[in-house]
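Q: In terms of my numbering, the sequence shown opens at residue 45 and continues consecutively.
C-beta atoms are modelled at their ideal positions from N, C-alpha and C, and glycine is treated no differently.
Note that this is a predicted model, so its numbers are computed, not measured.
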Amino acid sequence: MLPATFKLCAGISYRHMRNMTGLRKNAIIAIHHELNKLSGPGPSAWINHIRRRSSVLSSRTAKETYNEAEQCYVQQGQQALQKSISILTDQDGWQTEIESVNGDKVMSKVLPDIGKVFKLEVMLAQKTDDLYEELVDNMEQMGEWNPNVKQVKILQKIGQDTMITHEVSAETPGNVVGPRDFVSVRCAKRRGSTCFLAGMSTQHPGMPEQKGFVRAENGPTCIVMRPSAEDPNKTKFTWLLSLDLKGWIPKTVINRVLSQTQVDFANHLRHRMASSGGVEAAIAC
């Protein structure tokens with residue numbers, strides 16, 4: 045049912061279909077129905093934040109007016125978020141790739157319609173709001189603290205939740221994997237105390253393929269941040285990663301690179317937040 049739901053939502057991006065009576069309403073109802081199924085039994089409290097708010101999507105969409113291209117981007121971002129949620133809420137089939145002594149863990153599974161996806165689970169000693177500000181509000185500064193990223197540039201913002209970005213990755217040591225670039229649509233949402241940053245590859249007229257870079261594809265990807273149940277000053281951080289790096293690279297190399305990239309990202313983010321906290325404390329004094 046989930047793929048059909050996405051097709052229904054994507055369909056309303058076309059002008060002639062938006063004018064069809066009840067189609068948008070049916071799309072919203074379909075999303076709400078799927079969220080009910082995705083929550084399932086067991087401890088999936090963070091998904092409830094989206095489900096409780098999905099009923100307002102129809103009224104919000106009515107208030108925001110986008111052109112056809114903007115509406116398509118908004119719906120792509122929503123699709124990336126919903127698909128990511130469905131993957132993360134399915135706890136079966138995950139296999140451990142890396143488990144660090146500090147508890148950081150990378151797991152993976154193979155999905156029929158996507159391929160291999162990776163999931164990073166870590167606990168960060170920062171508040172969720174601070175991490176959200178760093179990763180969303182300060183997104184273009186990521187190249188300053190993450191050596192695996194050369195540049196992140198926001199090409200276009202659409203409303204409060206959606207943006208189109210261009211990211212350039214650095215080559216791996218020994219140039220095992222050369223520089224890649226990505227054009228992505230991103231959907232950033234806050235639902236109660238839980239924050240989401242989902243994305244998937246897209247195309248944008250302002251960023252055609254660049255000379256010297258392989259245009260790779262990503263998605264669905266999603267970062268989920270929510271306060272720790274034991275300590276609200278800490279954050280349970282989950283990162284779903286799905287990449288197609290393109291080119292002639294053995295799968296064993298890709299798997300090793302992607303899982304290590306996630307572990308490295310967590311460490312770089314910790315260092316960034318610790319450094320930022322020190323600077324803020326010095327300024328306050």
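Have a look at A260 and R224 and give me their C-alpha separation to the nearest angstrom.
A: Taking the straight line joining both Cα atoms gives about 6 Å.
Q: Apart from the five residues on each side of it in sequence, which residues of its chain come closer than 6 Å, Cβ to Cβ, to Q200?
A: If we look at Q200 and ignore the five residues flanking it on each side, its Cβ neighbours are I208.
Q: If you drop the 5 nearest sequence neighbours on each side, which residues of the same chain put their C-beta closer than 6 Å to that of C266?
A: Correct list, in chain order: S128, A242 and L284.
Q: Comparing the C-beta of V180 with each C-beta of chain C, is any distance below 9 Å?
A: Checking the listed chains, one finds no chain C in this structure; it contains a single protein chain.
Q: Which term fits Q247, buried or exposed, when burial requires 16 or more other beta carbons within 10 angstroms of its beta carbon?
A: Exposed, because fewer than 16 other Cβ atoms sit within 10 Å of the Cβ of Q247.
Q: In chain order, what residues of the same chain lie with their CB nearer than 7 Å to the CB of A120, ignoring the 5 residues before and after it?
A: Reading off the sequence shown, one finds Gln at residue 120, where the question assumed Ala. For Q120, where only same-chain residues beyond five positions count, the Cβ hits under 7 Å are V229, M244 and T246.
Q: May I ask you to report which of helix, strand or coil DSSP gives H248?
A: If DSSP states are grouped into helix, strand and coil, H248 belongs with coil.
Q: Measuring alpha carbon to alpha carbon, tell me which residue in K171, V212 and R235 is nearest G256.
A: When only C-alpha atoms are compared, the closest one is V212.
Q: Looking at C-alpha atoms only, which residue of A318, V196, R314 and S303 is the closest neighbour of T140?
A: Considering only alpha carbons, the answer is S303.
Q: Measure the beta-carbon distance from S286 to V161 and round it to whole angstroms, keeping in mind my assumption that it falls under 8 Å.
A: The Cβ separation is near 5 Å, so the contact holds.
Q: Under a Cβ-count criterion, where at least 16 other Cβ atoms within 10 Å of its own Cβ denotes burial, should V145 be classed as buried or exposed?
A: Label assigned to V145: exposed.
Q: I need the DSSP call for A232, collapsed to helix, strand or coil.
A: Reduced to three states, the DSSP call for A232 is strand.
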